[in-house]
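Position one of the sequence shown corresponds to residue -5 (my numbering), numbered consecutively onward.
Beta carbons are placed, not taken as given, at the ideal position from N, Cα and C, and that holds for glycine.
One structure is given below, encoded as structure tokens.
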Amino acid sequence: MSGGTQFRVLGPLEVVRHGRELNLGGIKQRAALGHLLLHANEVVATSRLIAALWDGPAPPSARKVVQNAVWRLRRLLESDGEGQHSAGPVALLTRTPGYLLRVEPQSVDLYRFRALVDEARAEMDRGAPDAASALRREALALWRGPVLADLAETGVLWPELKAMQNTRLDVLEDFFEAELALGHHDVVLPQLQATVGAEPRRERLLGQLMLALYRSGRQADALTAYGRARTALISDLGLEPGRELRDLQRAILTHDPALLYVPAPAHTRITPGQEPTAHRPPAAQEVPPVVAADRGAPVRERREVSVVLLRAAFEAECGHPDPEQVDTAMESVNEVVTAEAQRFGGTVAAKVGSLWLVIFGAPRSRDNDAMRAVLTALAIRHRFSRPHPALRGVGVRAAVDTGEALVRYACHEDGPLSATGTALDRCHSMLPLVPPGEVWVGDGVRRHTTTRIDYRRARTSSALWSVAAVRPASPQDHGLPLLDRGQDIEVLLGLLERAGPGGGPPLALVVGEPGLGKSRLIGEFERIVRRRDGEDRTFVAHLFPCQVDDSLLAVVAEELSRCCGIAPHDPPEQAREKLWSAVRRTAATAEEADWMFTQLLVLIAGVHGFDPTAPSGEVQAAWLRFLERYAVERPVLLVIDDLHAADEALLDFIDRQTEPSARSRLFVLCGARPELFRRRPGWSSPSDDVVTVPLAPLPDAVVEQQVRLLLDAHGIGVGAESAVGAGMIRELARIMVILADGNPLFAAEFVRCLADRIRSGDVAPGRGPDDSAASLLPVAVRRVIAARLDELPGGARAVLDDVAVAGGTATADAVAAMRRCGGDAAAAVLEDLTRRGVLVREERRAPGDGVRYAFWHELVGRVVYSRIPHAQRASQRAVFTAWADRQEQRHGGGDVRPLSPDGPVARGLIRLDRLVRRLEARLREAAAAA
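Next comes the structure, spelled out in structure tokens:
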């Protein structure tokens, strides 16, 4: 025969000669040829062929059947196609103890595949991932399905088939690795998703999928993929994912810059042992200096800030203290104010005499700045309740408010900060009314902090509020069930069951971005444990992330009383005896028992020795030690929420629980944001001592269910369908699902905002549609987005301003014109923002074939634009318009104009506003008809 015969085993068995497929006969004959091809150019014993052709004991005629099959194959393969024998490269020879099929390796797709894989490996060793990727792509293209798929369908289960399938997956993983190293994550993502779906337990594939999703701006989907795989592993095998996968999850949670793709220079080749470009150190990921913010010029921005205005002064009974005494006291006060402001993330912006101004929200904002401001004021007041001798006779009062302000701050740290806005004016008006030792807040602050702060109305004004006490955070469930978190609760219940010496990890971290429902999940888990175990099995205790004042010690006192069996009606001496009995029984030494008893006694009000001014930090330390010892007697579930905000002392305590020598039946369950891992990187990787339960955004179908339940709760759902129509309610829910983007807090806030608008009847007469729509953007959502934006480098935020001014979509050339920098530098920043998930590439091209970049979510563009001062907007828009005119002349038209004179168009908000107007009109008509 001639060299035109091709053998194909990477799929159904085929033999093609000169373009014509040969008839290979019956199943035994095909199986014999397939087995010989898998071992081409080597002798295959007859006994081995028989074992391959028959599953189980072979019949007596087996050897004869094999001989006949070989005879027919020999005639087929060695003929010239017209029935004549032809000497050629294919020969089926008899060789003791069996047969040898002699073929040219290039004529068998299996051996061509292996040769291409070897070439790809050599190219990779030479530092050419692009060439290696092309060779692997060519090799994988030879596959038409599973090896010998037609024989496998008949029940053939040769070990070679499974081995070859694993080899293909190995090569596929190598191919994906090279493609990711080349920055082709968006190209391979669909194939990666399909492959992981078919092979869910191959951890390298899963890691590649997570990396591709992360680089495509889909961090939540990457964490969801990890969470599902981890849950399946624990459920099916009782195993945690491998260390590499856990390290990748930690890197995604902490936005490790090493995950981002940075293209190597065109002339650079990767040599063996050289670090790939995809894993360059963070320094290589910085914003190009040509577009970085000017470090010499102050930044001017419109921001929502929370401010604390505080006055410290000697009380009237101190008379007229000496100026030097006043100066010494004020220095001590300044140390206290500065320390507490820094602890809660604020900045002391000004100090004039006995007045201090502390600002939260600039230069970096957080979604809970109002809460931080109130806690700072309370912590400062608490410090004055146990004053230093220099502060004796000094009283403090504070006013807290929140609102929009124009702020100025330097790009570098420790620069001056100033703010101008009505919130500061309201604090100035409020402070003279505040009695010594009290903290008053405006109504806006109260609305945003009622989940953790109790208030009473101020004595002089119904619009002002006096802080009464701090209390444990109460997650807002709106009376609705917890949706789509059942699997997470099952994981936590399993961990609680296994906790203890020689069992599961003693620390579980529920980690997620703001609004995903960490507190709600932990609260539901705690309720399930209490219902299941009652008071007889698992003791449930709480700790709070940071010490503010003594308010929360009441919770600790109640739990200590339950633990010791102290009833509310017990006489003081009996309560004291019960406390001592519990402490003496659990303490490791007599000295430890005395220390714990002395500190914990202050929690039992009304007994001898009660000291309401005992340091709360020492009391909490004793409570922690008691729980450690008590957990030897019975299981203890210790719940700590918002661990990312914890004091170092509390983190050190948890560190002790993760040491093998300290294990008991204490199970610590914490809720935290990913920023916790910046302080404790070791906790982000699941191990024998720590397990992470990441919360991903909810699927759209679940968010829609939540939105409909919330609409019903506000009387806008099923109850309103008869008046407005089911179609309008469906459309309303669909728009909110898009705006919420999987975040249950966002969904709840949008529904609340809508309900408030309908109840108030405020349809914003005289406003433009964009302004009216902006009123439907909840403050809580705006704060979360603003906090994420402030994590970006200053130069990157400046580029986002340009994209916002350009209408929410821009090219690198447009940004370069507005930044007055090179196009390559602008493109590098835009690509970096795309990798960070802030921008996305648009499919359509701009005139001149430039790539357009847009905000990944319309709400991000709205928040960015709202921060730009009006004068700066006008200046940047003038530059953009001039550039757009030049582009229009050069390219003869095209879509280069901004989409809106008012910045990025929030289409979803505008659609929601129009729908709300129609809904209000229908409801008014229904009310009039009734």
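Which of helix, strand or coil DSSP assigns to residue i
| i | result |
| --- | --- |
| ALA742 | helix |
| HIS864 | helix |
| HIS178 | coil |
| ASP448 | strand |
| LEU110 | helix |
| PRO688 | strand |
| CYS540 | coil |
| ALA535 | strand |
| CYS664 | strand |
| GLU15 | strand |
| ASP682 | coil |
| TRP589 | helix |
| ILE723 | helix |
| SER931 | What the structure shows of the chain is the stretch from -5 to 924, and residue 931 is not part of that stretch, so it cannot be assessed. |
| GLY340 | coil |
| ASP250 | coil |
| ASP437 | helix |
| THR88 | strand |
| GLU914 | helix |
Exposed unless 16 or more other CB atoms sit within 10 angstroms - verdict on residue i
| i | result |
| --- | --- |
| ASP907 | buried |
| LYS58 | exposed |
| GLU334 | buried |
| GLN355 | A small correction: the amino acid at residue 355 is Gly; Gln does not occupy that position in the sequence shown. By the 10 Å Cβ count, GLY355 comes out buried. |
| SER101 | buried |
| ASN362 | buried |
| HIS179 | buried |
| THR88 | exposed |
| ASN737 | buried |
| GLU173 | buried |
| SER359 | buried |
| ASP795 | buried |
| ALA792 | buried |
| ASP119 | exposed |
| SER80 | Reliability of the predicted coordinates at SER80 is poor, the pLDDT of 49 falling under 50, and the value obtained from them is presented with this limitation in mind. Exposed is the call here. |
Selected residue, minimal CA-CA separation from residue i, among the options
| i | options | result |
| --- | --- | --- |
| ALA223 | ALA125, GLU234, ALA126 | GLU234 |
| VAL797 | LEU827, ALA116, LEU186, ILE779 | LEU827 |
| PRO688 | GLY665, VAL809, HIS33, TRP48 | GLY665 |
| LEU490 | PHE519, SER348, GLY509 | PHE519 |
| ARG131 | ASP119, ARG106, ARG237 | ARG106 |
| PRO693 | GLY676, ALA214, THR225 | ALA214 |
| GLY611 | GLY676, ALA373, ALA811 | ALA373 |
| ARG69 | PHE671, LEU86, PRO426 | LEU86 |
| LEU770 | PRO668, ARG813, ARG901 | ARG901 |
| ASP103 | PRO317, VAL9, PHE671 | VAL9 |
| VAL873 | VAL834, ALA808, ALA364 | ALA808 |
| PHE538 | ILE634, LEU853, VAL485 | ILE634 |
is_contact[residue i, chain C] using C-beta, thresh 8 Å
| i | result |
| --- | --- |
| VAL685 | Chain labels in this structure do not include chain C; a single protein chain is all it has. |
Own chain residues within Cβ distance below 6 Å of residue i, not counting five before or after
| i | result |
| --- | --- |
| CYS421 | VAL301, LEU303, ALA393, ASP395 |
| GLY327 | Sequence check: residue 327 is Val here, not Gly. Correct list, in chain order: ALA306. |
| GLU154 | LEU32 |
| VAL857 | ARG776, ILE779, ALA780 |
| GLY397 | GLY415, THR416, ALA417 |
| ALA286 | Low local confidence applies: a pLDDT of 46 at ALA286 is under 50, so the model's placement there is unreliable, and no value is given. |
| GLY506 | LYS512, LEU689 |
| GLU117 | ALA125, ALA126 |
| ALA587 | VAL577, ARG578, ALA581 |
Same chain, Cβ closer than 7 Å to residue i, neighbours up to 5 away in sequence not counted
| i | result |
| --- | --- |
| ALA462 | ASP448, TYR449, ARG450 |
| ARG861 | GLU295, ARG296, ARG297 |
| ARG66 | GLY19, GLN23 |
| GLY603 | The pLDDT assigned to GLY603 is 40, lower than 50, so where the model puts this residue is not dependable; a value taken from the coordinates is nonetheless given after this. Once the five neighbours on either side are set aside, the close Cβ partners of GLY603 are LEU595. |
heavy atom of the ligand SAM below 7 Å from residue i C-beta
| i | result |
| --- | --- |
| ASP544 | Because no ligand of any kind appears in the structure shown, any question about the ligand SAM cannot be addressed here. |
Cβ neighbours of residue i in the same chain (closer than 8 Å, five flanking residues each side left out)
| i | result |
| --- | --- |
| VAL626 | THR580, SER658, ARG659 |
message = Quick check for students: name the residue ranges of the beta strand (DSSP E) that lie wholly in the stretch 453 to 497, counting only runs of 3 or more.
response = 458 to 464
Minimum length 4: unbroken alpha helix (DSSP H) runs contained in the stretch 614 to 660 = 642 to 651
query = Quick one: complete beta strand (DSSP E) runs, 3+ long, within the stretch 782 to 845?
reply = 803 to 805, 833 to 840
message = If we require 3 or more residues per run, which beta strand (DSSP E) segments fall completely within the stretch 35 to 61?
response = 37 to 39
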